[in-house]
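Residue numbers (our numbering): 159 to 242. From the three backbone atoms N, C-alpha and C, an ideal C-beta is built for every residue, glycine too.
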């Protein structure tokens with residue numbers, strides 16, 4: 159019975175480490191007000207996430223206070239009947 163209990167902490171450590179591997183890499187540091195870098199990152203990141211989560215389309219806006227900086231409507235080209 160004690161041998162089974164000795165393996166229990168090892169199983170717990172293994173399971174806790176598996177959960178750590180699922181995190182995506184952090185975005186690169188971007189200086190406040192560097193909208194070109196933010197927009198460039200979003201143009202790459204959003205289509206990847208849409209494909210991964212099977213999102214057919216979305217609209218996004220980047221605002222600073224009350225000022226509109228950037229806005230887009232995106233549609234997945236791989237899904238029939240996706241937004242156009």
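Check, Outcome
"First through last residue of the alpha helix (DSSP H) which encompasses residue 196", "193-210"
"Residue nearest to residue 231 in terms of C-alpha spacing, selected from 190, 224 and 208", "208"
"Whole-number beta carbon distance between residue 204 and residue 227, since they are thought to touch under 8 angstroms", "About 15 angstroms separates the two Cβ atoms, so there is no contact after all."
"Among 223, 199, 233 and 215, nearest to residue 184 - alpha-carbon criterion", "199"
"Simplified DSSP state of residue 217, which is helix, strand or coil", "strand"
"For residue 320, the nearest candidate out of 220, 233, 189 and 190 (CA to CA)", "Any question about residue 320 goes unanswered here, given that the chain covers just 159 to 242."
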